[in-house]
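See below for the structure under consideration.
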Amino acid sequence: MSMKELGVVGRNVGQRDLESHARGQTTYYEDVHYPRMLHLKMHRSAEPHARIVSVDTSAAEASPGVVCVLTHEDLPGKKVWNGLAAVGVGPEDEPILAFDKVRWRGEPIVAVLGESAEAARAGAAKVEVDYDPLPGVFDVEEAISGSLPALTAHWPNNHYIYPDDHGAAQIRFGDVEQGFAEADHIVEDSYQTSPIEQAPMETNGCIAKPGGDGRITVHTNTQAVHFARDNTAAILGIAPGKLRFLGGTVGGGFGGKVDVAVEPISVLAAMRTGRPVKFKYTREEEMQVSSTRSAWRLNIKDGVMDDGRIVARKITSYQDSGAYLRFSSYGSMKHAGHMPGPYTIPNVWVDARVVFTNRPPSSAMRGFGVMAASFAIELQMDKVAKTIGMDPWQLRLLNAYRNGDMRAHRKVNEDAAMVETIQAAAQLAGHELPAEYQAMTSWDRKAS
Amino acid sequence: MEDKLIRLAVNGRDEAVVIQPLATLQDVLRDKLELNAVKSGCGQGGCGSCSVLVDGELQLSCLTLAERVGDAEVTTLEGLNETNAIVPLQQAFIENYAAQCGYCTAGMVMAAKALLDRNPAPSRDEIVEGLSGNLCRCTGFAPIVRAVQQAAQALSDTGEEAS
Ligand code: FES
Ligand code: FES
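Protein chains in written order, with my numbering: chain D, 8 to 455; chain Y, 2 to 164.
Written out as structure tokens, the structure is:
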């Protein structure tokens, strides 16, 4: 097919909403204006880990412009939840509003509804919570060491249990110990990534508006409008048909707007008051309270031959989920699915654990689970190259997966383009490759 | 403190609005006049998404008290398209793919307009400086800078005003 016949490939295609952006006419969730709209602000935990002794909302309720407050006692349906419960992920572990304990600093406890954002904020600041502080856990390996008590009864060892009682997403392929025994070199290191805030320019938020027909319309900037609706309905114990969720242009998401963080409580507040309710995260909440990309720690051990072939790779990794599960079990599955990187290694052992700590719950961000895996694996590849004195490009070309190779997940590799991609990158970077490496393709392993 | 009636000149119109004490220009423009191009990414002067012109000067409307604007002429992005025709600066944003989610775009265009109105032939460094109070998380700044460069070029070719 000639380029002429292709409508899109190889061309610049106009972005449909660019003109509307440039004119300032794109509609975001916040661009609807309702009279008599209430504003919701959250009173949040000041402690990373504590027993709640008492919650006193009387001063907040008496604060000027405050219309009502909501605590866990007002929740008509679930008290704890998980966003993936509908697809069988569980147990549900995260309180919608904290009751007996708080497990991270910023955990929501009391929602305060005010006539203005300022009235709600002032009211929320007057909620009094008496805490009995508990020791916090902030390190993934410490959390599962057995020396610390469980953060919740759901996870006795502070890590997630996958179905069939697996404490980790696992890969077992070949025999790594034998691979290590046969290897000329052992290369080992530990890698750590940071939590990263998605930091969209538009913070998380929604507006819930009761209609005369008993339905509630929700204008939201969620990245997953049906998912948010179904979860809101499940949390509140109402029929999804009672909710009309309207998405719009999302003012930046990057994975940071899938947590259903604002809708359920806003709908409850709208049901309770019969008035439109707006819940918009402040910039501070967006940075400190909304979930981040999980921090990951990976311990990698490779067995390598003198000629550069990696014959065994063992990875133990820990995803810091923060205090609750959210979507982390899925994140660690994807993470493990990315192992052992785009390389063919005959012996692979992976344990990828989801670990609970007293940090803010973490969640999705672009390439959920995959970025941390690539980061650590590629640093490790450089370390291997250095250890055996081999050009890092050649090391990667030698080990890159080819079509027809059996991957560690017991899937035969198809549509590989790793070799050609490295060759093209080397050329762009002006890095000379020896003739036999230039001649490699994804269809054979001639050079090895 | 009591609610209060103030008058503002916005996009060539006289507006009378009742405001709460300490209301910001952003509150008034967004919530009272429903000029939705005025965004609110932080409400504390850190992002530039609420940028407007006050007597031609770039201002963060979230840090401007509505009462203090007085007789000054306020211009929001909506004010650039009173005749519905798109202006060269907006056209340059479109042609350079200088927006993705679009949340920062209104503020970016206003900052660029303020710059080009005072300096029609800015250097690249001057453009970067002129946009330094405006954050974008999606697009990357290079296409935005290119858009302003193209707009400046278009202006010098035609001798027109930025917008
Ligand atoms: S909203 Fe005004 S600078 Fe961010
Ligand atoms: S286009 Fe999304 S913040 Fe700039």
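Each residue gets a CB set at the ideal place from its N, CA and C atoms; glycine is no exception.
This structure is a prediction, so every number in the text was calculated from the model and none was measured.
Going by DSSP in three states, residue i sits in which element: helix, strand or coil?
i: R360 of chain D; result: strand
i: D196 of chain D; result: strand
i: V299 of chain D; result: The sequence shown places Thr at residue 299 of chain D, rather than the Val named in the question. Note: T299 of chain D maps to strand in three-state DSSP.
i: R23 of chain D; result: coil
i: T65 of chain Y; result: coil
i: R251 of chain D; result: strand
i: L23 of chain Y; result: coil
i: M8 of chain D; result: Note on M8 of chain D: pLDDT 49, under 50, position unreliable in the model; the coordinate value appears next. Coil at M8 of chain D, not helix or strand.
i: S123 of chain D; result: coil
i: R236 of chain D; result: helix
i: W88 of chain D; result: strand
i: A383 of chain D; result: helix
i: I178 of chain D; result: strand
i: V318 of chain D; result: strand
i: Q151 of chain Y; result: helix
i: A407 of chain D; result: strand
i: A454 of chain D; result: Residue confidence is low: A454 of chain D scores 44 on pLDDT, short of 50, so the model does not pin down where it sits. No coordinate-derived value is stated.
i: G14 of chain D; result: coil
i: I87 of chain Y; result: coil
i: V76 of chain D; result: strand
i: Y331 of chain D; result: coil
i: I116 of chain D; result: strand
i: V377 of chain D; result: helix
i: N82 of chain Y; result: helix
i: G326 of chain D; result: As written in the sequence, residue 326 of chain D is Gln, which differs from the Gly given in the question. Here Q326 of chain D sits in strand by DSSP.
i: E292 of chain D; result: helix
i: F145 of chain D; result: coil
i: H166 of chain D; result: strand
i: M49 of chain D; result: strand
i: R128 of chain D; result: helix
i: M447 of chain D; result: coil
i: E130 of chain Y; result: helix
i: S369 of chain D; result: strand
Could you work out which residue in the options is closest to residue i when comparing CA atoms only?
i: G13 of chain Y; options: Y:G49, Y:D118, Y:K33 and Y:V55; result: Y:V55
i: N82 of chain Y; options: D:S70, D:A29 and D:G84; result: D:A29
i: L68 of chain Y; options: Y:G141, Y:K5 and Y:M111; result: Sequence inspection shows Glu at residue 68 of chain Y; the Leu mentioned does not correspond to that position. Minimum Cα distance to E68 of chain Y is reached at Y:K5.
i: A241 of chain D; options: D:M397, D:E149, D:E99 and D:L47; result: D:E99
i: R119 of chain Y; options: Y:N97, Y:V88 and Y:G131; result: Y:G131
i: K418 of chain D; options: D:G21, D:A69 and D:I178; result: D:I178
i: G254 of chain D; options: D:V265, D:D196 and D:N89; result: D:V265
i: K341 of chain D; options: D:S370, D:A330, D:D196 and D:N365; result: D:S370
i: M425 of chain D; options: D:D171, D:Q445 and D:H416; result: D:Q445
i: D314 of chain D; options: D:G396, D:V274 and D:R279; result: D:G396
i: Y98 of chain Y; options: D:V16, D:V20 and D:R414; result: D:V20
i: E204 of chain D; options: D:C213, D:I168, D:A127 and D:F261; result: D:F261
i: T140 of chain Y; options: Y:I95, Y:D15 and Y:G44; result: Y:I95
i: Q387 of chain D; options: D:I307, D:H161, D:D422 and D:F363; result: D:I307
i: L66 of chain Y; options: Y:S157, Y:L9, Y:A155 and Y:Q151; result: Y:L9
i: K108 of chain D; options: D:L435, D:D137 and D:L332; result: D:D137
So, under 8 Å CB-CB, residue i and residue j are touching, yes? Tell me the CB distance rounded to an integer number of Å.
i: M378 of chain D; j: G263 of chain D; result: So it is not a contact: roughly 14 Å between Cβ atoms.
i: A113 of chain Y; j: V149 of chain Y; result: 5 Å
i: E149 of chain D; j: R112 of chain D; result: With 8 Å as the limit, E149 of chain D and R112 of chain D do not qualify as a contact, their Cβ atoms being about 18 Å apart.
i: H46 of chain D; j: D32 of chain Y; result: Contact flag wrong, Cβ pair sits at about 11 Å.
i: T106 of chain Y; j: L30 of chain Y; result: Not a contact, Cβ separation roughly 16 Å.
i: S52 of chain Y; j: G108 of chain Y; result: 4 Å
i: V119 of chain D; j: V134 of chain D; result: 7 Å
i: G244 of chain D; j: G84 of chain D; result: 3 Å
i: V355 of chain D; j: P347 of chain D; result: 5 Å
i: T34 of chain D; j: T256 of chain D; result: 7 Å
i: R300 of chain D; j: D327 of chain D; result: About 10 Å separates the two Cβ atoms, so there is no contact after all.
With respect to 7 Å, is the separation between the Cβ of residue i and the closest non-hydrogen atom of ligand 4 below this value?
i: D398 of chain D; result: With respect to ligand 4, the structure offers nothing, as its ligand set consists of ligand 1 and ligand 2.
Next item on the list: Under 7 Å from any heavy atom of ligand 1, by CB: list those residues in chain order, please.
Entry: Y:Q27, Y:K40, Y:S41, Y:G42, Y:C43, Y:G44, Y:Q45, Y:G46, Y:G47, Y:C48, Y:G49, Y:S50, Y:C51, Y:L61, Y:S62, Y:C63 and Y:L64
Check: Mind listing which residues of the segment 97-131 of chain Y have their C-beta closer than 7 Å to chain D's C-betas, in chain order?
Finding: Y98, A100, C102, G103, Y104, C105, T106, A107 and V110
Next item on the list: Can you give me, in chain order, the residues of the segment 296-312 of chain D that have a beta carbon less than 7 Å from any beta carbon in chain Y?
Entry: Among the residues of the segment 296-312 of chain D, none has a Cβ less than 7 Å away from any Cβ of chain Y.
Check: Of all the residues that make up the segment 59-80 of chain Y, which are near chain D by a beta-carbon distance shorter than 9 Å?
Finding: T77, L78 and E79
Note to self: So if I threshold CB-CB distances at 8 Å, which residues from the segment 29-42 of chain D count as touching chain Y?
What the structure shows: A29, R30, G31, Q32, T33, T34, Y35, E37, D38 and H40
Note to self: Beta carbons nearer than 7 Å to chain Y: which residues of the segment 237-258 of chain D have them?
What the structure shows: T256, V257 and G258
Notebook entry, point to check: Pick out every residue whose C-beta is nearer than 5 Å to a heavy atom of ligand 2: which are they, in chain order?
Noted result: D:M208, D:G259, Y:A100, Y:Q101, Y:C102, Y:Y104, Y:C105, Y:C137, Y:R138, Y:C139 and Y:T140
Note to self: Output needed in chain order: residues of the segment 203-234 of chain D with a Cβ under 9 Å from some Cβ in chain Y.
What the structure shows: Q205, A206, P207, M208, E209 and T210
Check: What residues in the segment 167-198 of chain D bring their beta carbon closer than 8 Å to a beta carbon of chain Y?
Finding: none
Notebook entry, point to check: Closer than 8 Å, Cβ to any Cβ of chain D: which residues of the segment 39-50 of chain Y, in chain order?
Noted result: Those residues of the segment 39-50 of chain Y that come within reach of chain D (Cβ to Cβ, closer than 8 Å) are K40, S41, G42, C43, G44, Q45, G47, C48 and S50.
Checklist line | Under 9 Å (Cβ pairs) to chain Y, residues found in the segment 394-406 of chain D | finding: none
Checklist line | Residues of the segment 97-123 of chain D with Cβ closer than 9 Å to any Cβ of chain Y, in chain order | finding: S123
Checklist line | Residues, ordered as in the chain, of the segment 138-150 of chain Y that lie near chain D by beta-carbon distance below 8 Å | finding: The residues in question are R138 and C139.
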